[in-house]
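Novice: Protein chains in written order, with our numbering: chain A, 432 to 707; chain B, 8 to 428. For glycine and all other residues, C-beta sits at the position ideal for the given N, C-alpha and C. What follows is a structure written as structure tokens; I'll ask about it next.
The following block contains the structure:
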């Protein structure tokens with residue numbers, strides 16, 4: 432049975448999380464501070480650790496620091512109400528699997544836990560190349576679960592943006608990252624996509640650099656972005672011929688969501704910009 | 008809205024109902040969007056040789072003269088005024104209809120308004136199986152006009168599928184009912200805190216909170232308040248066993264999906280007659296905080312867990328408050344920050360926003376070692392927490408001291424099961 436460690440100094444939170452997870456059939460242990468959690472982790476192989484950040488004796492970040500270099504590093508989900516960039520970025524450096532913002536509900540908790548447990552334990556971690564609030568740079572494995580993880584994290588850095596902007600940029604980024612992982616990286620977790628997130632006063636910029644050889648836009652007959660003006664449905668036919676599901680609107684929609692969308696010559700690097 | 012069946016063609020749609028609904032929903036939404044108040048929207052079906060034809064007419068401003076029909080149905084092309092959302096709707100209609108071998112187009116009507124129409128080849132649709140001839144009509148146009156003399160009901164409708172929500176709401180409102188539509192069980196529960204409803208329609212499967220879970224909570228709250236709403240389950244699992252199961256879960260009626268409006272109307276009529284017999288709901292005796300009910304939804308409706316959490320909170324909080332007071336006395340900024348943070352965490356579980364904000368303020372002051380205003384914030388925090396504690400105690404007492412006769416169905420079922428063992 433899958434074993435989860437819940438670490439939080441607040442007994443009510445521990446009780447809630449434990450109650451919800453037990454109901455879903457997980458075995459749950461708890462710890463009320465960082466030191467106790469570290470002890471438990473060294474003694475037992477947990478499949479997943481849910482970690483609070485601010486705890487007495489040793490904070491969650493302190494615990495993450497102590498765990499670097501350990502032979503067995505369990506997957507860790509940080510549960511926090513502290514969304515300061517410093518905390519988020521430090522946690523990310525500590526190879527945290529995902530963030531869960533407090534307060535959360537049973538459904539969200541269960542979804543994130545289930546997702547985390549269903550990804551292969553050997554999936555290479557997200558590497559942090561730069562963790563400054565205005566310049567985050569990550570190297571992520573070409574694996575589908577990465578999209579939700581990276582996005583949940585970057586969303587937290589964008590909480591000051593108006594919801595409409597967040598949603599649009601989020602959509603566009605998601606679409607591009609999915610493309611990079613699927614078409615550029617062929618879903619091979621050993622290949623990496625490099626993601627840069629750059630935030631200035633006047634703009635938000637993402638750059639994605641995928642490991643593939645790029646593509647020619649003319650060859651994307653199955654994508655709506657390529658349709659001639661007088662035939663907005665040309666791609667549908669191409670998709671049918673290729674046996675693809677109906678759709679192919681991703682790039683076209685992405686273009687509508689942001690202010691700039693530019694590719695390099697080979698088209699394996701893309702930059703999207705939203706002016707603020 | 009007028010419905011004009013110009014023939015009684017066989018519309019074999021069993022496998023396409025969902026897609027067709029979306030096409031019609033889009034066309035109807037467009038028509039309604041461009042209609043002015045009091046205007047008519049007409050839906051019609053026709054036999055046209057080897058084709059079946061359907062149209063939706065409105066009395067709006069008509070089509071922009073410089074737009075060709077093909078452009079109207081392209082992506083992101085919107086009419087000039089009063090345009091809707093992404094400009095996606097007609098594009099969807101076109102791809103759907105064309106995938107079925109049909110075509111869609113539009114024209115300005117001679118006097119005023121516009122007509123959007125599509126046709127589907129009979130042969131193509133026949134291959135997919137037959138369905139009752141009036142299926143389409145009931146899917147789009149709704150029932151006969153509302154039966155006069157029937158009482159208008161307040162209906163809460165929870166379904167996560169937007170097309171079903173829009174269409175059903177529209178149809179029910181047209182029959183004179185008041186309808187409030189939401190996307191999941193927890194939204195339904197929130198709506199119930201604000202408003203009274205006679206009939207509650209809950210889709211069985213919805214994200215965040217499904218119909219069964221919502222029904223449990225509703226029935227439990229009703230046991231306390233002494234009221235009874237008519238609960239209807241909408242379900243894709245429509246076997247006899249499922250119906251029986253849903254009735255046991257507290258539903259008064261079960262409607263299989265996809266449903267025909269006649270089916271719903273029948274149930275509503277039955278509901279109308281029973282509702283007349285039920286008592287007018289009393290206001291809940293004590294103001295059970297909306298936050299607690301909301302929290303119950305958030306932890307999956309587990310009352311036992313909630314009561315446990317309340318006990319723990321009531322046990323730990325006074326200790327923390329006392330420690331906080333001592334830390335203030337010692338001017339120990341780190342300790343103040345840490346305790347305030349912990350309190351913030353636990354009060355936000357109970358969704359006590361004011362207490363949370365005060366705790367946050369105190370935490371910030373501690374982190375910045377600015378303790379001059381800390382005592383005042385502490386006093387305010389203590390007051391907010393006292394309110395929350397009182398509320399929680401009241402809730403715990405109420406749930407424990409339920410008279411036997413009003414014990415919820417769920418509890419009865421549980422005890423029943425235990426006896427069997």
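Which residues, in order along the stretch 480-496 of chain A, keep a beta-carbon less than 7 Å from a beta-carbon of chain B?
Specialist: Under the 7 Å Cβ criterion, the stretch 480-496 of chain A contributes 485 and 487.
Novice: Is there a C-beta anywhere in chain A that falls below 8 Å from the one on residue 151 of chain B?
Specialist: Confidence at residue 151 of chain B is low in this model, with a pLDDT of 37, below 50, so the placement of that residue is unreliable and no value is reported for it.
Novice: Closest to residue 163 of chain B by C-alpha separation, out of B/196, B/170, B/181 and B/182, would be which residue?
Specialist: B/196
Novice: Does any C-beta atom of chain B lie closer than 8 Å to the C-beta of residue 441 of chain A?
Specialist: yes
Novice: Residue 447 of chain A versus chain B: which residues are under 8 Å apart at the beta carbon?
Specialist: 306, 312, 316 and 356
Novice: Hey, which unbroken runs of the alpha helix (DSSP H) at 4 residues or more fall wholly within the stretch 206-290 of chain B?
Specialist: If we require 4 residues or more, the alpha helix (DSSP H) runs fully inside the stretch 206-290 of chain B come out as 218-232, 247-255 and 268-282.
Novice: Among A/707, A/572, A/464 and A/480, which has the Cα closest to the Cα of residue 527 of chain A?
Specialist: A/480
Novice: Between residue 347 of chain B and chain A, is the shortest Cβ-Cβ distance under 8 Å, so that the two count as touching?
Specialist: Residue 347 of chain B has a beta carbon lying at 8 Å or more from every beta carbon in chain A.
Novice: Where does residue 496 of chain A sit, in a helix, a strand or coil, going by DSSP?
Specialist: helix
Novice: Between residue 451 of chain A and chain B, is there a C-beta pair that is closer than 8 Å?
Specialist: yes
Novice: I want to see whether chain C comes within less than 8 Å of residue 512 of chain A, judged by CB atoms only; does it?
Specialist: Considering every chain present, this structure includes no chain C. Its protein chains are A and B.
Novice: Report yes if the C-beta distance between residue 395 of chain B and residue 362 of chain B is below 8 Å; otherwise report no.
Specialist: yes
Novice: Residues of chain B with CB closer than 8 Å to the CB of residue 444 of chain A, please, in chain order.
Specialist: 352, 353 and 356
Novice: Can you check DSSP and say which residues form a bridge with residue 59 of chain B?
Specialist: B/54 and B/127
Novice: Report, in whole angstroms, the separation of the C-beta atoms of residue 209 of chain B and residue 241 of chain B, which I expect to be a contact under 8 Å.
Specialist: 7 Å
Novice: Measure from the C-beta of residue 537 of chain A to each C-beta in chain B and report whether the shortest distance is under 8 Å.
Specialist: yes
Novice: When the distance is taken between beta carbons, is residue 707 of chain A closer than 8 Å to residue 691 of chain A?
Specialist: no
Novice: Can a CB atom of chain B be found closer than 8 Å to the CB of residue 672 of chain A?
Specialist: no
Novice: In this structure, what does DSSP give as the bridge partners for residue 612 of chain A?
Specialist: Secondary-structure assignment with DSSP links residue 612 of chain A through no beta bridge to anything.
Novice: In whole angstroms, what is the alpha-carbon distance linking residue 442 of chain A and residue 319 of chain B?
Specialist: Approximately 7 Å, taken between the alpha carbons.
Novice: State yes or no: is the beta carbon of residue 251 of chain B nearer than 8 Å to at least one beta carbon in chain A?
Specialist: no
Novice: Output, in sequence order along the chain, the residues in the stretch 521-553 of chain A whose CB is closer than 7 Å to any CB in chain B.
Specialist: 533, 534, 536, 537 and 538
Novice: For chain B, find out if any of its Cβ atoms is closer than 8 Å to the Cβ of residue 474 of chain A; answer yes or no.
Specialist: no
Novice: Name the residue from A/625, A/522, A/617 and A/538 whose alpha carbon lies nearest to the alpha carbon of residue 587 of chain A.
Specialist: A/522
Novice: Following the continuous beta strand (DSSP E) through residue 640 of chain A, name the residue where it begins and the one where it ends.
Specialist: 634-640
Novice: Spell out whether any CB of chain A is found under 8 Å from the CB atom of residue 91 of chain B.
Specialist: Confidence in residue 91 of chain B is poor, its pLDDT being 42 and thus under 50, which makes the residue's placement too unreliable to answer from.
Novice: If you draw a straight line from the C-alpha of residue 563 of chain A to the C-alpha of residue 569 of chain A, how long is it?
Specialist: 11 Å
Novice: Would you say residue 309 of chain B reaches chain A, if we count a Cβ-Cβ gap shorter than 8 Å as a contact?
Specialist: yes
Novice: Where residue 529 of chain A and residue 473 of chain A are concerned, what is the direct C-alpha to C-alpha distance, given to the nearest angstrom?
Specialist: When only Cα atoms are considered, residue 529 of chain A and residue 473 of chain A end up about 21 Å apart.
Novice: Of all the options B/192, B/403 and B/201, which has the alpha carbon lying nearest to the alpha carbon of residue 214 of chain B?
Specialist: B/192
Novice: Would residue 700 of chain A and residue 630 of chain A be called neighbours here (beta carbons separated by less than 8 Å)?
Specialist: no
Novice: Taking only beta-carbon atoms, is residue 667 of chain A less than 8 Å away from chain B?
Specialist: Closer than 8 Å to some Cβ of chain B, the Cβ of residue 667 of chain A qualifies, so yes.
Novice: Between residue 134 of chain B and chain A, is there a C-beta pair that is closer than 8 Å?
Specialist: Reliability fails at residue 134 of chain B, whose pLDDT of 40 lies under 50, so the model's placement of it is uncertain and no value is given.
Novice: Within 8 Å of any Cβ in chain A, is that where the Cβ of residue 210 of chain B sits?
Specialist: no
Novice: Should residue 610 of chain A go down as buried or exposed, given a rule of 16 or more other Cβ atoms within 10 Å for buried?
Specialist: buried
Novice: Tell me where the alpha helix (DSSP H) around residue 341 of chain B begins and ends.
Specialist: 340-356
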